[in-house]
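Asks: Take a look at the following structure, please.
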Amino acid sequence: GKRNMYTAHPLPIGRDRVDMEVTLPGEGKDQTFKVSVQWVSVVSLQLLLEALAGHLNEVPDDSVQALDVITR
């Protein structure tokens, strides 16, 4: 399935998609996953702060979604 990932700083992959295999240790058997990472956009938490302070009429959806994913 698809999942979102957010980072505080840019990853050293540029904007190209990177495909890799990640192996995680398991109970008795390691699990290997195929992972693709691709830069999509910058999420501005500053716009969220401005909306919460009452300076913007709408709360930016992308920053709310990012915070939802981060806090899970």
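Take 1 as the starting number for the sequence shown in the UniProt record's numbering and just add one per residue.
Even glycine gets a Cβ: it sits at the ideal position worked out from N, Cα and C.
Remember, it's a predicted structure, so these values are computed and weren't measured experimentally.
Along the alpha helix (DSSP H) that carries residue 65, what are the first and last residues, could you check?
Replies: In the sequence shown, the residue the question calls residue 65 occupies position 65. Unbroken alpha helix (DSSP H) run through residue 65: 61–70.
Asks: Give every residue of the same chain whose Cβ lies closer than 7 Å to the Cβ of residue 45, excluding the five residues on either side of it in the sequence, and list them in chain order.
Replies: If you number the sequence shown from 1, residue 45 lands on position 45. So the qualifying residues of the chain are 63.
Asks: Measuring only the C-alpha atoms, how far is residue 16 from residue 41?
Replies: Within the sequence shown, numbered from 1, the residue matching residue 16 stands at position 16. Within the sequence shown, numbered from 1, the residue matching residue 41 stands at position 41. If you take the alpha carbons of residue 16 and residue 41, they lie about 12 Å apart.
Asks: Please state if the CB of residue 35 and the CB of residue 22 are separated by a distance shorter than 8 Å.
Replies: Position 22 of the sequence shown, counting from 1, holds the residue named residue 22. Position 35 of the sequence shown, counting from 1, holds the residue named residue 35. Going by C-beta atoms, residue 22 is nearer than 8 Å to residue 35.
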